[in-house]
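Structure first, then comments.
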Amino acid sequence: MKKKDPDLLLFHAPLLRQGMTTPRAMRDVIYALLPATGAALWFFGLSAVLVIGSCIAGAVLAEVTFAKRETRGESLRDATGVLTGLLLGLTLPPGLPMWMAFLGGFVAISLGKVIWGGLGHNLFNPALLGRAFLLATFPIAMTTWVPAAGGFLDVYASNLALPFMQAQVDGVTSATPLGMMKFEQEVTPLANLVLGRTGGSLGETSGLLLLLGGIYLWLRRDLDWRIPVSILLTVVIFSAVLTLFDGERFPSPLFSLFSGGLMLGAIYMATDPVTSPVTPRGAWIFGIGVGVLVILIRVFGGLPEGVMYAILLMNAATPLIDRYTQPRVFGRGVDST
Amino acid sequence: MHPAHHKSQTEDLEIQRVPFGKDYVMPLGQHIGVPSKPAVVAGEAVRRGQLIAEPGGFVSTALHSPVTGTVREIGDLRGVDGRFAPAIAIEADAFATQRVEPDPAMDWQSLSLEEFIDAVQMAGIVGMGGAAFPSHVKLSVPDGTRIRHLLINGAECEPYLTNDHRLMLERPAALLEGAEIVRRKLGAEETIIGVESNKPDAIEILCDHISPGQPVRVVPLKVKYPQGAEKMMIKSVFGKEVPAGQLPRDVGVNVNNVGTIVAIADYFLRGMPLIERIVTVAGPGVTYPANLIVPLGTPVRDVVRFCGGLKGGTREIIMGGPMMGRPIASLDVPVLKGCSGVLVFTEEQTSRRKEYPCIRCGRCLEACPYFLNPSRFARLARARMFDEMKAHHVFDCVECGCCTFACPSDIPIVQLIRTAKDDLTHRKESHG
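Protein sequence lines correspond, in order, to chains B and G.
Under numbering that gives the first Met the number 0, the first residue of the first sequence carries the number 0, and numbering increases by one thereafter.
Under numbering that gives the first Met the number 0, the first residue of the second sequence carries the number 0, and numbering increases by one thereafter.
This is how it looks when you write it as structure tokens:
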């Protein structure tokens, strides 16, 4: 008897795909952040777990709450909720009350992503939008910095503040290197900045580990190297120029590079593909814009840190940048001779 | 773009000849342009190599019988895509020797350019790389345009395919003969054979066969897809871009596939019209992969059977390469002049992952060899804003498929672009 022919599909070419998928790209970013998250645990003890965990819980809850019923399971599989929560958590002060962190995570996903139409449609980086919300709503808690914890199991009392209660700041507070620079003209030693032994947000303190994660992402082709490179270069050049004018008043290039949230912002937030330009030239413009705004806000603004607003402002400019930096199409603008 | 080559399956396999079968189908529209006009009637006996259809216009070409036998039917028969289209069905004579009595070899040197071009058309020669564009049209250069370089395309950048590679290895002399004919006829100064550097044996063998003083150069090219797209190749070899909307001849270059050049040599030196071609049969679903000489019109079923049949789990068969080829609807469709490969794919290549929204990662922009913005095209196509797409030069797209290949969200970008282009062209026609 004749063997039956297989039922043939008619998918159109190309049938081949490169291996990368969107959920895998998201998970890669999470892996890349693991060393820096580990450093947060090392420096701030269990508090880091509580704050970051609350953010992720808030973000994932928002993701599940607002997903359509049919796609509820799938919206979690792309890992963007977890990633947003993690990124947000890493930008928060270690002593932040858990309920605030949770709220921040919820707002980051709901106002930062869902209302725009979900993954791929938002104008602003969701994690930074969540942070901006927290900074506007809880300015004191968001700018109270505690020194690195004594032991691993220590928890800052303020973490455990009841919902809708302000934090009780217990005893000692410290300032971030940027705060000390701005308000007291005191310079933190560079070695501490690079390794992360300073006050500051959970994940921003160790420039070295953040850089390592960035290299991993670059090797995996998950991030547009032009963006972090242009941001960091701009910051170095701009602050070098400023120190030429007044070495006392303005921070040195290396200090600018490793202090505050610059590494975290430049490598993990500004490179969010959804909210940064798609064109290569646009990426340069975007990066230079972020770098200039960071230094302007840090040096001349009222706040010691400016990475968040710098990135959010450039996010807003992204559609325009994309429109004017489309590459020249092959064979256009050339003549045949 | 660097898709995995997947060429090791067949690159070392010598070209074999497929035995003759029983049923042959020659679609009248197997080239780009106007379909051919039948020159035989049902029931008529035909010889292998005999003219069975004449060109239906200038952008059209002749067809010849691939076998000695009888014309069974002329009418609408099922084509590659599953639609019915006019074709000539021939039943082979099981007792015939299938020997070709070639037309006497022509004295090509004494032919005028016009006669030469007519001869190419009557030999039924089309672009053998896959597009099947009638070669004589490409060789017809308008007055005032001067061809300085004959560029021969041996890039074979599509994964899996090795038919051009084997042809260069096994028939280098014929390739160089054909190159000399075309170069002389076009009055070009130099012949350049572009070969991707993953075929060092082909490069070496061609260099060995070039006689001293012959104006031929073999240029190794970087291995990248789509190196074999003619405008890409011109950029790689000469460093210049062919302006959009113009043709290679406008920068003084004529590009032809190695298979086309060998077909020209076979016709002018040996009197063989285009009645067979080399086909790579490969892919994970085929039992014994091979490079085969297949008479045109042979059903894919016979080709696959010769290769030991399909493995279980076959899901799709592509005619041509995996990036730009066409899926076939049934095993009964015939091998055509433009069929460089029969590739059999299984679950792994055909399972479709969940499509995610575009995350604007820019991988498609980076992949597009024409520097277009595929992600924007996909978005506009979904919104059916086809005119907007035209304004963004959608017709500069050659549909190489790099964007779909690169997309991590698995958006069928090039497929959406094809739909849009189809809509735009057909609308143009219906509005006159």
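Glycine is no exception: its CB is placed at the ideal position from the N, C-alpha and C atoms.
Worksheet item: For the region 381-396 of chain G, which residues have a beta carbon sitting closer than 7 angstroms to at least one beta carbon of chain B?
Response: 392, 395
Worksheet entry | Within the region 310-367 of chain G, ranges of the beta strand (DSSP E) (whole runs, at least 3 residues) | 313-318, 340-345
Worksheet item: How about residue 0/B: is its C-beta nearer than 8 angstroms to some C-beta of chain G?
Response: In the first sequence, counting from the first residue as 1, residue 0/B sits at position 1. Confidence is the limiting factor: at residue 0/B the pLDDT is only 42, short of 50, which leaves the residue's position unreliable and the question unanswerable from this model.
Practice prompt. Mind listing the chain B neighbours of residue 161/G? Cutoff is C-beta to C-beta under 9 angstroms, in chain order.
Written response: In the second sequence, residue 161/G corresponds to position 162, counting from 1. Result: empty, since nearest Cβ-Cβ is about 16 angstroms, beyond 9 angstroms.
Worksheet item: Which residues in the same chain have their Cβ closer than 6 angstroms to the Cβ of residue 332/G, if we skip the five residues on either side of it in sequence?
Response: Counted from its first residue, the second sequence places residue 332/G at position 333. Beyond the five residues adjoining it in sequence on each side, residue 332/G comes within less than 6 angstroms, by CB distance, of 79, 299 in the same chain, given in chain order.
Discussion item. Determine, for residue 432/G, whether the minimum Cβ-Cβ distance to residues of chain B falls below 8 angstroms.
Written reply: Look at the range of chain G in this structure, 0 to 431, and you will see that residue 432/G is not part of it.
Worksheet item: In chain G, which residues lie with their C-beta within 9 angstroms of the C-beta of residue 278/B?
Response: Taking the first sequence and counting its residues from 1, one reaches residue 278/B at position 279. Here the neighbours are 361, 364, 372.
Practice prompt. Verify the CB distance criterion: does residue 392/B have a CB-CB separation below 8 angstroms to chain G?
Written response: With chain B covering 0 to 336 only, the question about residue 392/B has no answer from this structure.
Item to complete: Note down the Cα distance separating residue 185/G from residue 138/G, rounded to an integer number of angstroms.
Response: As a position in the second sequence, residue 185/G is number 186, starting the count at 1. As a position in the second sequence, residue 138/G is number 139, starting the count at 1. Residue 138/G has its alpha-carbon roughly 8 angstroms from the corresponding atom of residue 185/G.
Discussion item. Just to check my reading of the structure: residue 273/G and residue 124/G have Cβ atoms closer than 8 angstroms, yes? What is that Cβ distance to the nearest angstrom?
Written reply: Numbered from its first residue, the second sequence carries residue 273/G at position 274. Numbered from its first residue, the second sequence carries residue 124/G at position 125. Indeed they touch by this definition, with Cβ atoms about 5 angstroms apart.
Worksheet entry | Any C-beta of chain G under 8 angstroms from that of residue 77/B | Looking up residue 77/B in the first sequence gives position 78. Output row for residue 77/B: interface = yes.
Item to complete: Could you say if the region 70-90 of chain B and the region 43-61 of chain B meet the contact criterion of at least three C-beta pairs nearer than 8 angstroms?
Response: yes
Item to complete: Identify the contact partners of residue 118/B in chain G, using a Cβ-Cβ distance below 8 angstroms as the criterion.
Response: Numbered from its first residue, the first sequence carries residue 118/B at position 119. 355, 356, 358, listed in chain order.
Item to complete: Can you tell me which of the three DSSP states residue 144/B falls into?
Response: In the first sequence, the residue the question calls residue 144/B occupies position 145. Under the three-state reduction of DSSP, residue 144/B is assigned to strand.
Item to complete: Might you give, ordered along the chain, the residues of its own chain that have their beta carbon closer than 8 angstroms to the beta carbon of residue 431/G, omitting 5 neighbours on each side?
Response: Against the second sequence, residue 431/G aligns to sequence position 432. The predicted position of residue 431/G is uncertain, since its pLDDT is 44 and thus under 50; no value can be drawn from it.
Discussion item. Among 21/B, 116/B, 128/B, 16/B, whose alpha-carbon lies nearest the alpha-carbon of residue 310/B?
Written reply: Position 311 of the first sequence holds residue 310/B. Minimum Cα distance to residue 310/B is reached at 128/B.
Worksheet entry | Nearest-angstrom Cβ-Cβ length linking residue 106/G and residue 270/G, presumed shorter than 8 angstroms | Numbered from its first residue, the second sequence carries residue 106/G at position 107. Numbered from its first residue, the second sequence carries residue 270/G at position 271. 12 angstroms between Cβ atoms; not a contact.
Worksheet item: What are the uninterrupted segments assigned as beta strand (DSSP E) that are 3 or more residues long and contained completely in the region 17-51 of chain G, given in chain order?
Response: 22-26
Worksheet entry | Within 7 angstroms of chain B by C-beta, residues of the region 29-56 of chain G in sequence order | none
Item to complete: Can you tell me which of the three DSSP states residue 69/B falls into?
Response: Translated into positions along the first sequence, residue 69/B becomes position 70. Residue 69/B: helix per DSSP, three-state reduction.
Worksheet entry | Nearest-angstrom Cα separation, counted from residue 328/G out to residue 398/G | Position 399 of the second sequence, counted from the first residue, corresponds to residue 398/G. Position 329 of the second sequence, counted from the first residue, corresponds to residue 328/G. Straight-line Cα distance between these residues: approximately 21 angstroms.
Practice prompt. Answer with yes or no whether the minimum CB distance from residue 146/B to chain G is below 8 angstroms.
Written response: Residue numbering aside, residue 146/B sits at position 147 when the first sequence is read from its first letter. Output row for residue 146/B: interface = no.
Discussion item. Using only the alpha-carbon positions, how far apart do residue 326/G and residue 422/G sit?
Written reply: Taking the second sequence and counting its residues from 1, the one referred to as residue 326/G is at position 327. Taking the second sequence and counting its residues from 1, the one referred to as residue 422/G is at position 423. Going from the Cα of residue 326/G to the Cα of residue 422/G covers about 21 angstroms.
Item to complete: Return the residue from the list 326/B, 51/B, 243/B that minimises the CA-CA distance to residue 29/B.
Response: The count along the first sequence starts at 1 and reaches residue 29/B at position 30. Answer by Cα proximity: 51/B.
Worksheet item: Beta-carbon of residue 326/G versus every beta-carbon of chain B: anything under 8 angstroms?
Response: Within the second sequence, numbered from 1, the residue matching residue 326/G stands at position 327. So yes, residue 326/G belongs to the interface.
Worksheet item: Using the C-alpha atoms, what's the distance from residue 83/G back to residue 32/G?
Response: As a first step, residue 32/G is located in the second sequence; it is residue number 33 there, counting from the start. As a first step, residue 83/G is located in the second sequence; it is residue number 84 there, counting from the start. Note on geometry: alpha-carbon atoms of residue 32/G and residue 83/G lie some 17 angstroms from one another.
Worksheet entry | Whether residue 232/G touches residue 282/G by CB criterion (8 angstroms) | Along the second sequence, one-based indexing puts residue 232/G at 233. Along the second sequence, one-based indexing puts residue 282/G at 283. Contact flag unset, no.
Worksheet item: Taking one C-beta from the region 208-222 of chain B and one from the region 17-34 of chain B each time, how about it: are there three or more such pairs within less than 8 angstroms?
Response: yes
Worksheet item: Just the Cα atoms here: how many angstroms apart are residue 2/G and residue 98/B?
Response: Start at 1 with the first residue of the second sequence, and residue 2/G comes out as number 3. Start at 1 with the first residue of the first sequence, and residue 98/B comes out as number 99. Whole-angstrom Cα-Cα distance: 49 angstroms.
Worksheet item: At a Cβ cut of 8 angstroms, what residues of the region 221-237 of chain B count as close to chain G, listed as they run along the chain?
Response: 223
Practice prompt. Would you give the residue range spanned by the alpha helix (DSSP H) that residue 348/B belongs to?
Written response: As shown, chain B starts at 0 and ends at 336. That puts residue 348/B outside it, with no answer to give.
Worksheet item: Can you tell which of 173/G, 216/G, 290/G has the C-alpha that lies nearest to the C-alpha of residue 260/G?
Response: Your numbering for residue 260/G matches position 261 in the second sequence. It is 173/G whose Cα lies nearest to the Cα of residue 260/G.
Worksheet item: Could you give the distance in angstroms between the alpha-carbon of residue 179/G and the alpha-carbon of residue 64/G?
Response: As a working note, residue 179/G is residue 180 in the second sequence. As a working note, residue 64/G is residue 65 in the second sequence. Cα to Cα, the separation comes out at about 28 angstroms.
Fill in: Local Cβ density within 10 Å of residue 0/B, reported as buried at 16 or more and exposed below that
Counting from 1 along the first sequence, the entry for residue 0/B is found at position 1. At residue 0/B the pLDDT is 42, less than 50, meaning the model places this residue with poor confidence and gives no usable figure here.
Worksheet entry | Identity of the residue in 196/G, 95/G, 146/G nearest residue 4/G by Cα | Residue 4/G sits at position 5 when you count from the first residue of the second sequence. Considering only alpha carbons, the answer is 196/G.
Fill in: Residues that residue 273/B contacts on chain G, provided the C-beta gap is smaller than 8 angstroms
Here residue 273/B refers to the residue found at position 274 when the first sequence is read from its first residue. Simply 358, 359.
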